[in-house]
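Below you'll find the structure, written out as structure tokens, and then a few comments.
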Amino acid sequence: MKTALPLALTIALGAVSVPAMAQFQKPEDAVKYRKSALTVMANHFSRIGAMANGRAPFDAKVAADSAAIVETMSRLPWEGFVAGSDKGETAALPVVWTEPAKFKEAQEKLQAATTQLAAAAKTGNLDSVKTAFGATAQSCKACHDAFRK
Ligand code: ASC
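Numbering (the numbering used here), first residue to last: 66 to 214.
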């Protein structure tokens with residue numbers, strides 16, 4: 066118990082003094098975090114794409130599982146775009162940091178699309194999955210066009 070209070074205080078004060086970097090030790094860690102989330106999202110999105118485009122047989126359960134992962138992952142990358150993580154191994158354009166409202170709007174569009182995709186996949190209807198896949202792919206592309214080198 067002796068260390069509990071000082072530790073809690075240390076954590077609390079740390080959170081107050083460095084809010085933007087609280088979850089990452091270094092800018093590179095934030096870059097790695099967001100790339101990891103985007104990589105997992107892209108992998109599961111392309112599994113659905115293979116089915117939507119007829120390159121793989123449609124398996125409703127596999128599609129629904131992947132769509133749920135895509136929906137969850139679409140919530141994660143954005144916290145990794147911390148101030149100061151615009152350098153190094155990143156394709157992110159400066160506009161991510163200079164126009165945060167625009168970037169946030171693009172994230173929200175993606176998240177709305179992935180929620181639709183997850184709902185469509187749950188129905189087990191391939192045509193619904195195709196439509197929702199197309200809309201989601203468009204929101205991926207819109208964000209890449211505006212915010213990625
Ligand atoms: C994918 C993937 C993306 C999007 C994008 C859609 O499968 O990895 O980033 O689709 O290419 O335009």
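Every residue gets a Cβ at the ideal spot worked out from N, C-alpha and C, and that includes glycine.
Could you spell out the range, first to last residue, of the alpha helix (DSSP H) harbouring residue i?
{"i": "Lys-214", "result": "Careful: Lys-214 lies outside any alpha helix (DSSP H) and carries neither H nor E."}
{"i": "Gln-172", "result": "165-188"}
{"i": "Asn-108", "result": "92-117"}
{"i": "Glu-136", "result": "125-138"}
So, helix, strand or coil for residue i, using DSSP?
{"i": "Ala-156", "result": "coil"}
{"i": "Ala-148", "result": "coil"}
{"i": "Leu-141", "result": "coil"}
{"i": "Gln-88", "result": "coil"}
{"i": "Ala-121", "result": "coil"}
{"i": "Gly-79", "result": "In this predicted model, Gly-79 has a pLDDT of only 49, less than 50, meaning its place in the structure is not dependable; the value taken from the coordinates is given anyway. Correct three-state label for Gly-79: helix."}
Just mark residue i as buried or exposed, buried being the case when its beta carbon has 16 or more other beta carbons within 10 Å.
{"i": "Ala-87", "result": "exposed"}
{"i": "Arg-99", "result": "buried"}
{"i": "Glu-136", "result": "buried"}
{"i": "Gly-114", "result": "buried"}
{"i": "Pro-159", "result": "exposed"}
{"i": "Gly-148", "result": "Position check: residue 148 holds Ala in this sequence, whereas Gly was assumed. Its Cβ having fewer than 16 others within 10 Å, Ala-148 is exposed."}
{"i": "Ser-82", "result": "Confidence at Ser-82 is low in this model, with a pLDDT of 45, below 50, so its placement is unreliable and the value that follows should be read with caution. So Ser-82 counts as exposed."}
Pairing CB atoms from the segment 156-174 with CB atoms from the segment 107-126, are three or more of them under 8 Å?
-> no
Decide yes or no for the touch test of the segment 139-157 against the segment 121-130: beta carbon pairs closer than 8 Å, at least 3 of them.
-> No, they do not touch.
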